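What follows is one structure encoded as C-alpha cells, with my remarks underneath.
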C-alpha cells in the first residue's frame, strides 16, 4: 500500500488514468454473456471544441455508462463525430483564402481531398477534449459520419426512402444563405434584433375601382420594400369591411406594372397597420402559404433573386433593367434594390412618408418608420438569410412521424421529463416536409442523376425551355429551364444506368457524368450527377443503427439495437432526436432507444443564455485546469434537475473541488490508522452500534442512488453520495471512531470507504480510481469493479442510537455557538426526564458525547440554580449550567437586540414581496434576491429566538 500524498492534485492523475483505461480496453471490457446496455453520444462537429453544453451532456452520459458498467452490464457508449458540412467546408475555405486561393480553384475531388487532409491534421480536437472530461467511450470503434461504412448506410436510406415514395424533389421556400450559396436548416439560423424600418406604399387599384371611402389605392406596409418587384397579390381579411368590395379586383403595381389580385386570407390582420398585406410568395414563408391558398403553384411563383441575392429578371419579364444585378440591399456602401425601389416609389409619389413632430411641435417627415426587426442570420456566415424558392430534395416527414408518435403514446419511447411530450407531439403533428439537400461540396453527395424527360411519343426531350416575355412589345428571354430534370435514384452508377436503360429507347447510348453543364443529344443520354450533398442531420439521424454496422445484419446490431437511452439537449429534440425516431422505426422496425432524457441549457450565473457577444461564455477546459475534471463533473450532476436549466456557478465547482479534497483527507486518516482495502464485497460482521450504523447508512445510500438513477434524477443521486460522504462518513463516522480504531472498526471503515469509492466513481472517476489503487491490493481497476449490493442487514436500533447521538451533539454545539460559550470550556450536563432507553444510550455513548460535545460530567435530576441552556432531544431535556461561564444578562440582551433586528429586516422584505407591483415590475433577479434574503432573515430570527428561549 502506497502512502498517500498530503495534497490532492487532479492534473497529475487525470491524464495518467485516462490513458491507462483506454490502453487496457477498460471502456469496453469483454462481457459477451452480460446484459447489453447501449447509448450513443450526439456526435459533435468534427470542427468543434468542447463547450459547456458538451460538458453537461457528456458528463450525464458518462455517469450512466460507468454506473451500468459497474453493475456488470456489457456497456457500450458509441462515439463519433459529425462531418459538419458547412462548418468544415468553411474552415478549409478559410485556409485556402489565407493562401490567396479559393475553393473553385480546385476540382470538387481535389477540394474534398483537402478537407480529408485537414481532418487528419486538425479534426481530433473535440475527441481529445472529451477524454479530458473523463468520457469512457468505445474509442476502439470510433465512427465518423463520412466513413465508408456509415456512408453506405446513408446512401441506402436515401435510395430506399425514394423507392418507398417518402423522398421526392419539390420546389419550395428554404432558408437560403447567400454567402454559402446553400440552403441551411432552421438550427443554423440565428434571429437577431436589428435596426430596420416600416415603409408604406400606395398600391393603385386597377380599372377605376375605388374603396368604400373613395380611395383609388390601398396602402401596404413592409419591412422589405425591395421584394415588391416580385409581389403577386395583396391580402386582406375576408371580414374587413374596408376591403370587402374590392376582393377579387386587381392592383397595378408601380415600377413593374404587374397586375396582381386582391385576395381574402386570414393571414391579414385588420388591427395591424392598414390591414392590407403585400404578398411575395417567392420570398417570404408566410406569403408562400398565402400564395398557395390563393391558387399559385410553386412553379409559377415569381423569383427575383439569384443565389447571391442579386436581382434577376422574373418570369414575366417586368422588372426594369435598372434594377437587374443590384444586391437586395445596400452592401459595402453601395445602394441596392431596397434603396432603388424606395427612391423610385418616392419619385412616383407612391411612398407614404412617416410623419412625426419634433421638440418644437413642427412636423417632420421621413421615408420610413424606424423599427426593431427580428432578422434571420446564418449562424456561421453572418449574412441575412433569404427565403428563396428552389428545387430541393424533401423527406415526407409527416408520414415518417406517425410511428414515433404512436411509440411515445404506447410507452415504447419514454420521454423524461414527461413535460416535453406535449412539445414533441405539437411539433410532430404539424411537421413540414424536411429539406435534406445542401449546395455544398463536402458531405454525402446525393445518389441521384438527372436525364431528359420523355415526350408524348416516348422519345427523350433534349435542349432547354426558354421562357420569353414582351414587356415593351419586344421579346425578352426571362428564364431558361433544363429539360433533363428527370431523376434516377440508385446506390451505384451501374444501378442507375440499369434504371435508365429500362426508361429510355434502346437506340440511345447511356453514360453518367459529374459535369453539371453536360447535356444529352439525339444519340447519347448523359445522366448528370446531382452536385448537392445531404443535410448533416439526415446522416446523423441514422446514428443509433448506422454506427452498429447497418445495413449489414450483424450480432452487434441485433444485440445493441434498440439503444437503451439517449441523453440530449432539449434544443435538438426536433432536429436530431425526432428524426432518429423516424428513421429508426422506418428502417429497423423498432424504436431507436427506449428512453429519451432531455436536459436543459447551461446558463450564465445570472440566468442569461451564454453568448460570445455578451462575453459570458464559460470554457469548461479552463474550469478543468483550475478545479479538475471531477469537480466540474460533480457540479454538472448535482445541478442537473429535470426540467430546469443549469446556472453556472464557479464557487460551487470550487466547492466540489473541496469535496474531493475532503475525501482525500479521509483516505489519509484511514490509512494512518491502519485501515486498508476491504477483502470482501459483503459488509463485515459488526457488533458496535457505530459500525452497524455506518453499514446501514451505506446500504441506504446505495438504495438512494439506485432509485435516483432508475429515474434519471442525477441531482438526487449526486446529493445522496455527497451527503453520505461529507456528513455521515467524514463528519460523524470518522469523528466517532477517532481513538477507538479496533480491528472491527478498521474492517468496517475499509469496507465502507470502498463502497464510497465505487458509488462515487461514476461522478468523480479520477480521484476514486487513484484512491482505489493506493489504499490496498486490488484484483482489478475500479472502473470494472462491482457495484455495491444493498443487501446487508440493517440494524434499525443502531441507526436510531447513532442518529440520536448526532442530534444531541449537534444541538449542544449549536447552543454553545449561539450563546458565545468559549470553545475550550467544558460544561457539566444535567439530564431530566430521560427514559430508560436514553439512560442506556448515555451509558454506551458517554465517552463519545464527552469528547464531541465537550461535556465535563453527566448527572441526572434537577439542575443547579442560575442561568442554563436547555436542549430537548426526544423525551429528555439536557441542561448545560452557564453560571460563571458567560454573562447571562448580557447574552440575553445581545440575543434580544439581534432578534429584533432580524425580525425587522424579515418583515420589511416580507412587505416588499407582498406588494404585487414590486413582484410584477421589478427585475426577476431583484425579486429572487428579495426572496432569498427574506428566507435567510426568517431562519435567522427563528434561530435567535430558540437561543433566547434556551436561556429561559
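In my numbering, the protein residues as written are 590 to 1541.
We put the beta carbon where it would ideally sit given N, CA and C, even for glycine.
Values in this document were obtained by computation on a predicted structure and should not be read as measured data.
Run of the alpha helix (DSSP H) containing residue i, from where it starts to where it stops
i	result
residue 1430	1425-1442
residue 1357	1354-1363
residue 1159	Element bounds for residue 1159: n/a, residue is neither H nor E.
residue 1605	There is no way to answer for residue 1605, as the model of the chain reaches only from 590 to 1541.
residue 1396	1385-1407
residue 701	697-711
residue 1580	Since the first and last residues shown for the chain are 590 and 1541, residue 1580 lies out of range.
residue 990	Here residue 990 belongs to no alpha helix (DSSP H), and DSSP marks it neither H nor E.
residue 1209	1209-1216
residue 1196	No alpha helix (DSSP H) holds residue 1196; DSSP gives it neither H nor E.
residue 877	874-882
Beta-carbon proximity list for residue i, same chain, < 6 Å, skipping 5 on both sides
i	result
residue 918	925, 927
residue 1031	674, 677, 678, 704
residue 1316	none
residue 844	933
residue 1050	1041, 1042, 1044, 1072
residue 1273	1336, 1337, 1340
residue 1427	1465
residue 1492	1530
residue 851	823, 835, 836, 838
residue 735	672
Residues near residue i in its chain [Cβ-Cβ closer than 7 Å; skip 5 each side]
i	result
residue 901	893, 894, 895, 913
residue 1593	Residue 1593 lies beyond the range of the chain shown here (590 to 1541); nothing can be said about it.
residue 1220	1242, 1245, 1246, 1249
residue 637	715
residue 572	Here the chain comprises residues numbered 590 to 1541, so residue 572 is not present and cannot be evaluated.
residue 615	1370, 1372, 1373
residue 1487	1533
residue 1364	590, 1256, 1260, 1265, 1266
residue 746	1131, 1172, 1176
residue 1090	1099
Beta-carbon contacts of residue i that lie in its chain and below 8 Å, excluding the five residues immediately before and after
i	result
residue 650	628, 630, 666, 724, 1156
residue 848	795, 839, 840, 841, 842
residue 1417	1444, 1445, 1446, 1447, 1448, 1469, 1470
residue 830	801
residue 1516	1502, 1507, 1508
Host beta strand (DSSP E) of residue i (start-end)
i	result
residue 981	975-984
residue 759	756-766
residue 1592	Here the chain covers residues 590 to 1541 and nothing more, so residue 1592 does not appear.
residue 1282	First-last for residue 1282: 1278-1299, but that is the alpha helix (DSSP H), not the beta strand (DSSP E).
residue 790	778-793
residue 719	Here residue 719 belongs to no beta strand (DSSP E); instead the alpha helix (DSSP H) covers 714-722.
residue 839	839-841
Residue(s) in a DSSP beta bridge with residue i
i	result
residue 1221	Residue 1221 is not bridged to any residue.
residue 899	916
residue 1418	1447
residue 1027	1122
residue 1038	1077, 1118
residue 1003	1184
residue 1049	1043
residue 625	663
Stretch-stretch touch, CB-based, cutoff 8 Å, three pairs: the stretch 953-961 with the stretch 938-945:
yes
Every unbroken beta strand (DSSP E) within the stretch 631-679, with a cutoff of 3 residues, ordered by chain
663-667
Unbroken alpha helix (DSSP H) runs of length 4 or more, entirely within the stretch 901-967: which are they?
926-936
Please list the segments of the alpha helix (DSSP H) lying wholly inside the stretch 1319-1343, counting only runs of 4 or more residues, in order along the chain.
1323-1326
How about the stretch 1523-1533 and the stretch 1442-1455: do they share at least three Cβ pairs that are nearer than 8 Å?
no
Kindly provide the ranges of any beta strand (DSSP E) runs that are 3 or more residues long and lie completely inside the stretch 1067-1093, ordered along the chain.
1075-1078
Could you name each continuous alpha helix (DSSP H) segment of 4 residues or more that falls completely within the stretch 1098-1164, going from the start of the chain to the end?
1125-1129, 1132-1135, 1144-1149
So, do the stretch 1182-1198 and the stretch 1159-1168 have three or more beta carbon pairs nearer to each other than 8 Å?
Verdict: yes, contact present.
Is the stretch 1316-1335 close to the stretch 1192-1202, with three or more CB pairs under 8 Å?
no
Are three or more beta carbon pairs between the stretch 964-983 and the stretch 762-782 nearer than 8 Å?
yes
Which runs of the beta strand (DSSP E) spanning at least 3 residues fall entirely within the stretch 1458-1505, listed in chain order?
Runs of the beta strand (DSSP E) inside the stretch 1458-1505: 1465-1470.
For the 8 Å Cβ check, are there 3 or more pairs between the stretch 771-787 and the stretch 983-996?
no
Closer than 8 Å is the cut-off here; do at least three beta carbon pairs connect the stretch 855-868 with the stretch 740-753?
With fewer than three CB-CB distances shorter than 8 Å, the stretch 855-868 does not count as touching the stretch 740-753.
Cβ pair count under 8 Å reaching 3, the stretch 1270-1288 against the stretch 1387-1397
yes
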